[in-house]
Amino acid sequence: FKGKTVYECWPEKDAEMYHQKDLDLMDKNDTQQYEFQLTHAKRGPQPGIFFKTCFHNDDGSVAGSVGVFFNLSERKQWEKKLIEANAAKDKFFSIIAHDLRNPLHNIIFSANLLYHEYATFDDGKRKEYIRRFYDNSQQIDTLLANLLEWAQSQMEGLVPHPENIDMKEFIDTCLEFSAENARKKDIT
Numbered sequence: 002f003k004g005k006t007v008y009e010c011w012p013e014k015d016a017e018m019y020h021q022k023d024l025d026l027m028d029k030n031d032t033q034q035y036e037f038q039l040t041h042a043k044r045g046p047q048p049g050i051f052f053k054t055c056f057h058n059d060d061g062s063v064a065g066s067v068g069v070f071f072n073l074s075e076r077k078q079w080e081k082k083l084i085e086a087n088a089a090k091d092k093f094f095s096i097i098a099h100d101l102r103n104p105l106h107n108i109i110f111s112a113n114l115l116y117h118e119y120a121t122f123d124d125g126k127r128k129e130y131i132r133r134f135y136d137n138s139q140q141i142d143t144l145l146a147n148l149l150e151w152a153q154s155q156m157e158g159l160v161p162h163p164e165n166i167d168m169k170e171f172i173d174t175c176l177e178f179s180a181e182n183a184r185k186k187d188i189t
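Following our numbering, the numbering of the sequence shown begins with 2 at its first residue and continues without gaps.
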C-alpha cells in the first residue's frame, strides 16, 4: 500500500480505526503490533498480524509510518489441529488409565484377600487367586505392549501389516479382559 492512506485501502469504519492507530504510533514515535481480520475478496476473513514502525526525516522528525502484514490463516489452522490433537491425547490417556486401573485393582483386591485369608483357603482357592494374579498381570502386560506399540507408531509413522485373525479368538480375548470385573460385580 505504498503511498496510500488507510482511507484508500480500507472500508471507512476500519480506516478510521487504523488512522487513529497510525496517529498514536507517530505521536509516540514507537512501534505497534496487533492482530486483526483482513477480509480477502476471494478467501473471506483472514486472520493476520500487523507490525508498524515510524520512519524519519533527515532532521529526525517523524515522516510517516511503515508496516507489514502477515497472514496467520495457516498458523491458526495448525493451532486448531494442535488443540484437537491434545484433546484426543487427553481422552486417550484417560481411557488407558481406566483400562490399566481395573486389572491392577483386581490384583490388589485378590492379593489383600489372599494375604488376610490364606489360612482359611484350601489349595484350590489359593490356585484360583494365583490364576487371577496371572490373568490380570497378562492384561496389564498386553495393555502396556499396545500402548508402547502405539507410541512407537506415533513417532515413526504407522506402517500397516494386514493379517488374518481368528475373530472368535479375538472376541474371547476381549471378553477375558472384562471377565474379572464382571465376576466381581456378579454379572453373568
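All C-beta atoms in this analysis are idealised placements derived from N, C-alpha and C, irrespective of residue type, glycine included.
- Unbroken stretches of the alpha helix (DSSP H), 4 residues or longer, contained in the segment 10-66: 13-29
- Query: How big is the Cα-Cα spacing for F70 and A86?
  - Reply: 29 Å
- A88 to W151, Cα distance in whole Å? 17 Å
- Task: Check whether the Cβ atoms of M27 and S66 sit closer than 8 Å, and answer yes or no.
- Result: yes
- Message: So, with DSSP's three-state summary, where would you put G125?
- Response: helix
- Task: Assign I166 to one of two classes, buried (16 or more other C-beta atoms within 10 Å of its C-beta) or exposed (fewer than that).
- Result: exposed
- Measure the CB-CB distance between I141 and L176 and report whether it falls below 8 Å. no
- Query: Got a sec, what are the start and stop residues for the alpha helix (DSSP H) N87 sits in?
  - Reply: 74-118
- Query: Excluding five sequence neighbours on each side, which residues of the same chain lie with their C-beta closer than 6 Å to the C-beta of D23?
  - Reply: S66
- Task: Can you say whether Y116 is buried or exposed, counting buried as having 16 or more other CB atoms within 10 angstroms of its CB?
- Result: exposed
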